[in-house]
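Student: To convert, count from 1 in the sequence shown and add 133; that's this note's numbering. Idealized CB from N, CA, C, for every residue including glycine. I am attaching a structure below and will ask some questions about it afterwards.
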Amino acid sequence: MFSISQAALFKQQYPKPQVRVINLALKDFGRPTVKYADGSSQIVRFLSFGVINYGKNIDLLIEAACNLYEEGIRNFKVSINGKCDNWNFYQSKMRYPEIFECNIRLIENAEIPDLFASAHYFVQPYRIVTQSGALKVAFNYNRPVIVTNMPGFTDEVKEGINGFIFEPNDVKGLERIMKHTILHHSDIYDNLVAKMSDHTRENYSNEAIGRKYISMFEELNQSN
134 MFSISQAALF
144 KQQYPKPQVR
154 VINLALKDFG
164 RPTVKYADGS
174 SQIVRFLSFG
184 VINYGKNIDL
194 LIEAACNLYE
204 EGIRNFKVSI
214 NGKCDNWNFY
224 QSKMRYPEIF
234 ECNIRLIENA
244 EIPDLFASAH
254 YFVQPYRIVT
264 QSGALKVAFN
274 YNRPVIVTNM
284 PGFTDEVKEG
294 INGFIFEPND
304 VKGLERIMKH
314 TILHHSDIYD
324 NLVAKMSDHT
334 RENYSNEAIG
344 RKYISMFEEL
354 NQSN
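Printed below as a string of structure tokens:
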């Protein structure tokens, strides 16, 4: 299985088989053509990427951003990218359109590298998740994530190493994380990215994943 939580669900239904958990490989869409955003940036960019629907809870991100702006927090943007069938619902919640960069359409694969490289944080305030392919895109481009406290995320997101975690549907919790990352950006960001890079290399590189598959097949061969 690709995640601890999915393996646990499988074992509940089928307790006898042996189960191995091996991380899903990173999703690489090529090299970006823009410079990676870093700790020297004057504007902190929070990225939302993927099809926009109820389960993604993007309205929570919009609400958190507007609340921070009303609090007097500046120097940040929220970039929302993806296809949406009811965009008017989300657009109506943007009390301060100037802090949002919206690209509401199907995003081509060739656009993905620059989209992630130009952002600082990938935000997934989901209501529902099993396992996230988009998370592996963020890991591939070494962009720290901000996610809800759900097993599909917390199996792989380590607080303060490759991202931050808040409780589901907790707008204040999301605001606290965003505010912290904005106010302390130059002090924390580059160090966070360095820790994330080390963690990703140790757990998601082709070599690390390959070793786990080799170990699994060797164990099967010995048992037979």
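1) Should residue 276 go down as buried or exposed, given a rule of 16 or more other Cβ atoms within 10 Å for buried?
2) Within a Cβ cutoff of 6 Å, which residues of the same chain sit near residue 328, ignoring the five residues on either side of it in sequence?
3) Suppose the cutoff is 7 Å on Cβ atoms and the five residues either side in sequence are ignored; what does the same chain contact list for residue 247 look like?
4) Determine which residues share a DSSP beta bridge with residue 178 and list them.
5) Indicate whether the contact test is met: 3 or more Cβ pairs, each with one atom in the segment 139 to 157 and one in the segment 219 to 231, closer than 8 Å.
6) Is the distance from the Cβ of residue 304 to the Cβ of residue 193 below 8 Å?
7) Can you name, in chain order, every residue of its own chain whose Cβ lies under 7 Å from the Cβ of residue 242, other than the five neighbours on each side?
8) Which parts of the segment 243 to 326 are runs of the alpha helix (DSSP H), unbroken and 4 residues or longer, counting only runs that do not cross its ends?
9) Applying the 10 Å Cβ sphere with the 16-neighbour rule, what's the burial state of residue 232?
10) Identify, in the order they occur along the chain, each residue of the same chain with its Cβ nearer than 8 Å to the Cβ of residue 266, setting aside the five sequence neighbours on each side.
11) Report the residue from 345, 170, 226 whose alpha carbon sits nearest the alpha carbon of residue 326.
12) Run through DSSP, which three-state label would residue 222 get?
13) Under a three-way DSSP split, which group does residue 340 fall into?
14) Take the Cβ of residue 349 as the centre, count every other Cβ of all protein chains shown within 10 Å, and call the residue buried at 16 or more, exposed below.
15) Does residue 135 come out as helix, strand or coil in the three-state DSSP assignment?
Tutor: Straight from the coordinates:
1) Residue mapping note: residue 276 aligns to position 143 of the sequence shown, counting from 1. The residue is buried, with at least 16 neighbouring Cβ atoms inside 10 Å.
2) For the purposes of this step, residue 328 is identified with residue 195 of the sequence shown, where counting begins at 1. Cβ neighbours of residue 328 beyond the five flanking positions: 294.
3) The residue labelled residue 247 in the question sits at position 114 within the sequence shown. Here the set comprises 165, 166, 167.
4) Along the sequence shown, one-based indexing puts residue 178 at 45. DSSP, once it has assigned bridges, lists 210 as partnering residue 178.
5) no
6) Reading the sequence shown from its first residue, position 171 is the one you call residue 304. Reading the sequence shown from its first residue, position 60 is the one you call residue 193. In this structure, residue 193 lies closer than 8 Å to residue 304 by Cβ.
7) On the sequence shown, position 109 is the one that residue 242 refers to. Once the five neighbours on either side are set aside, the close Cβ partners of residue 242 are 162.
8) 245 to 250, 266 to 273, 284 to 287, 304 to 316
9) Sequence index remark: in the sequence shown, residue 232 carries index 99 (1-based). Buried is the call here.
10) Within the sequence shown, the letter at position 133 stands for residue 266. Closer than 8 Å at the Cβ level, and outside the excluded window around residue 266, lie 157, 160.
11) Within the sequence shown, the letter at position 193 stands for residue 326. For the residues 345, 170, 226, the minimum Cα distance to residue 326 belongs to 170.
12) The count along the sequence shown starts at 1 and reaches residue 222 at position 89. Residue 222 falls in the helix class under three-state DSSP.
13) The sequence position of residue 340 within the sequence shown is 207, counting from 1. In the structure shown, residue 340 sits in a helix (DSSP, three-state: H, G or I).
14) Start at 1 with the first residue of the sequence shown, and residue 349 comes out as number 216. When all chains shown are included, residue 349 counts as exposed.
15) What you label residue 135 is simply residue 2 of the sequence shown in a count that begins at 1. Coil.
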